[in-house]
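In terms of this note's numbering, the sequence shown has 399 at position 256, counting the first letter as 1, and numbering is strictly consecutive.
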Amino acid sequence: MQHITATRLDAIKPSATLAISAKAAELRAEGKDVISLASGEPDFAPPANVLTAAKAAIDDGFHYYTPVDGMPSLKKAVQEKFKRENNLDYATDEIIISTGGKQSVFNVCQALLNPGDEVLIPAPYWVSYPDIVKLAEATPVIIEAGIEQHYKITAEQLAASITPRTKMLLLNSPSNPTGMVYSPAELQALADVLLQHPHVYIVSDDIYEHICWANEPYCNIVTQCPALQNRSIIINGVSKAYAMTGWRIGYAAGPAPVIKAMKKLQSQCTSNPCAIAQKAAEAALTGPQDCLQTMQKAYLRRQQFMLQAINALPGFTCKPTQGAFYLFVDVSEATATLGLANDIEFASHLLTESLLAVVPGTAFGSPGHIRLSYATSDENLQQTIIRLQALFA
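This is how it looks when you write it as structure tokens:
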């Protein structure tokens, strides 16, 4: 029998991050000492109270279905989080718990987008954004923001990109892959443009909210401009902030009709997220928050070490970051020095010659770059620099 897959899959490509990680794992299986700087995964353990809550849920027999959109106590914890940290009020029917932040992004696109709709995506972008939009049969419209503007789009670029077909803007701050953060003034400038176009939804991906050391306190576009709340969907989760990537709990808040549509969709795919993980997420959001500062200090220290060392390498250029745990490095000169064609060949060369796994910038819509994750041990980061220095010796 000839196996013919759905044509909707033809437009999307496998995750470059997962592909690099798989190749690195293959080399490790051969006994190679590969250092992976590819995946965006904290190297910390979840807070102790999170683990305690999960164990208690198991012991208490909390093994059954919860409501599709999440257990009420977790939704209440999310509600209180938005009020406490973002000064935003949401009713419980304006909140949904999902199987990770990625599912929330997927659900909102499926719930709102139709064929012919356009979605504005600033580049560099998280690798999954364009493909999630394509799976919703809409059209990604990429707005390029280069190193000279610190990888952030301007209000002028946004205004020039909006058309009558524009349905959504996907905004990610702090950014994966660049680590850049939109300041309150920059968000206000974007908001001023969006206020003139009431047909455009805003999806604010805040998953790195708590990994931020910008000069000004963190805020998202809705906190900065509350007038946009009635057409904005904020997406967040516990994966990055609380080192709970494998627990797969994300959440979204937005207008009740949009959340209702996301719930309807979720009811026919995953149903409710893992019950035990929901209990753990509730403990993360309601328990002591000092772990956030502990991890943030470690990330900032690693960033400072890596930034200085990377910029000392020939042909490497990197801007200081303000959040997340990535460096987005311009390696166009280094690529040419090695006689390689592009950043994809450069990343492959690093993996085979230096046993360093990184993600090429092409995957993020910005050729000529690589993304390095410093969510790994100090020893690994020091060894990374030694290997890079040796490569260009």
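Just so you know, even glycine gets a beta-carbon here, dropped at the ideal spot from N, CA and C.
{"Check": "Hey, would you say GLU425 sits closer than 8 Å to LEU217, going by beta carbons?", "Outcome": "yes"}
{"Check": "By Cβ distance, which residues of its chain are closer than 6 Å to ILE239, with the 5 residues on each side in sequence left out?", "Outcome": "ASP212, ALA395, ILE402, MET405, LYS406"}
{"Check": "Can you tell me whether GLU310 is buried or exposed, with buried defined as 16 or more other CB within 10 angstroms of its CB?", "Outcome": "Position check: residue 310 holds Lys in this sequence, whereas Glu was assumed. LYS310 comes out buried."}
{"Check": "Report yes or no: do the segment 298 to 305 and the segment 246 to 253 share at least 3 C-beta pairs separated by less than 8 Å?", "Outcome": "no"}
{"Check": "Can you tell me where the alpha helix (DSSP H) with THR195 in it begins and where it stops?", "Outcome": "191 to 202"}
{"Check": "Following the continuous alpha helix (DSSP H) through GLY504, name the residue where it begins and the one where it ends.", "Outcome": "Per DSSP, GLY504 belongs to no alpha helix (DSSP H) and is neither H nor E."}
{"Check": "I'd like the ranges of any beta strand (DSSP E) spanning at least 3 consecutive residues and lying wholly in the segment 378 to 423.", "Outcome": "393 to 396"}
{"Check": "How many angstroms separate the CA atom of LEU483 from the CA atom of SER316?", "Outcome": "32 Å"}
{"Check": "Would you tell me roughly how many angstroms separate the C-alpha atoms of ASP186 and ASP232, rounded to the nearest one?", "Outcome": "33 Å"}
{"Check": "Would you give the residue range spanned by the beta strand (DSSP E) that VAL251 belongs to?", "Outcome": "Careful: VAL251 lies outside any beta strand (DSSP E), inside the alpha helix (DSSP H) at 244 to 255."}
{"Check": "Taking 8 Å as the CB-CB cut-off, is PRO157 touching chain B?", "Outcome": "Of the protein chains in this structure there is only one, and it is not chain B."}
{"Check": "Could you check the C-alpha separation between GLU352 and TYR442 for me, to the nearest Å?", "Outcome": "13 Å"}
{"Check": "Could I get the ranges of all uninterrupted beta strand (DSSP E) runs contained in the segment 294 to 318, with 3 residues as the minimum, in chain order?", "Outcome": "309 to 315"}
{"Check": "Decide if PHE471 is buried, meaning its Cβ has at least 16 other Cβ atoms within 10 Å, or exposed.", "Outcome": "buried"}
{"Check": "Under a three-way DSSP split, which group does ASP212 fall into?", "Outcome": "coil"}
{"Check": "Assuming LEU450 and ILE178 are in contact, meaning their beta carbons sit under 8 Å apart, how far apart are those beta carbons, in whole angstroms?", "Outcome": "18 Å between Cβ atoms; not a contact."}
{"Check": "Could you tell me the alpha carbon to alpha carbon distance between ARG151 and THR464, rounded to whole angstroms?", "Outcome": "36 Å"}
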